[in-house]
Amino acid sequence: MLRMKKFILLLLLPFLLTGCATIVGNNEETVYIDSTPANVPFVITDGSGQIAVSGVTPQSVTLKKTDGSYFGKVTYALTLKKEGYYSTSMPLEYRFSHWYTFGNIIFFGVPGWLVVDPFFGGMYTFKADRINTWMRPCERGPFNYMCS
772 MLRMKKFILL
782 LLLPFLLTGC
792 ATIVGNNEET
802 VYIDSTPANV
812 PFVITDGSGQ
822 IAVSGVTPQS
832 VTLKKTDGSY
842 FGKVTYALTL
852 KKEGYYSTSM
862 PLEYRFSHWY
872 TFGNIIFFGV
882 PGWLVVDPFF
892 GGMYTFKADR
902 INTWMRPCER
912 GPFNYMCS
């Protein structure tokens with residue numbers, strides 16, 4: 772009987788020492804960026820102001836969710852700018868992955884909550900995997916120079 776308990780514990784040990792979000796998730800995520808009108812240049816910058824990705828809508832981009840440090844989520848901001856339209860800027864927001872929140876409960880994965888998932892980024896997911904923005908046209912008149 773004791774040998775059977777040791778055997779079962781040995782089989783379950785990998786699940787207890789890993790993070791569910793890391794097993795199922797990924798440290799990168801793809802986000803689709805679109806706009807009305809189409810063909811709007813965009814830039815995604817990280818929290819330090821460095822350009823992570825640039826492109827033209829519509830386009831899918833892949834972004835890292837963590838910098839590899841403990842709870843080291845990377846923050847991003849999206850800026851779209853086109854001649855004749857007001858520029859638009861917004862943060863790309865995260866939430867905790869359902870695998871991180873609930874998957875670790877199933878496997879009693881305290882190491883997953885506190886050790887594994889916080890380092891590998893599987894615990895985070897973008898709130899929106901598709902971003903559709905509507906660019907507001909600049910109005911005609913004396914203050915048109917303020918539009919960018």
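Start counting the sequence shown at 772; every next residue gets the next number (this note's numbering). Glycine included, C-beta positions come from ideal geometry on N, C-alpha and C.
DSSP three-state assignment for N903, whether helix, strand or coil:
In this structure, N903 counts as strand in the three-state DSSP scheme.
Can you find the residues in the same chain that come closer than 6 angstroms, C-beta to C-beta, to P908, ignoring five residues on each side of it along the sequence?
The residues Y856, in chain order, have a CB closer than 6 angstroms to that of P908 in the same chain once the five nearest residues on each side in sequence are set aside.
Which same chain residues, not among the five before or five after R866, have their C-beta less than 7 angstroms away from its C-beta?
T896 and K898
May I ask you to list the residues that DSSP assigns as paired with Y803?
S831 and R901
Bridge partner(s) assigned by DSSP for G826:
F813
Can you confirm whether G818, when its beta carbon is compared against all beta carbons of chain B, has any partner nearer than 7 angstroms?
Given the protein chain composition of this structure (a single chain), no chain B is represented.
Does the separation of the CB atoms of V814 and S831 fall below 7 angstroms?
Contact: no.
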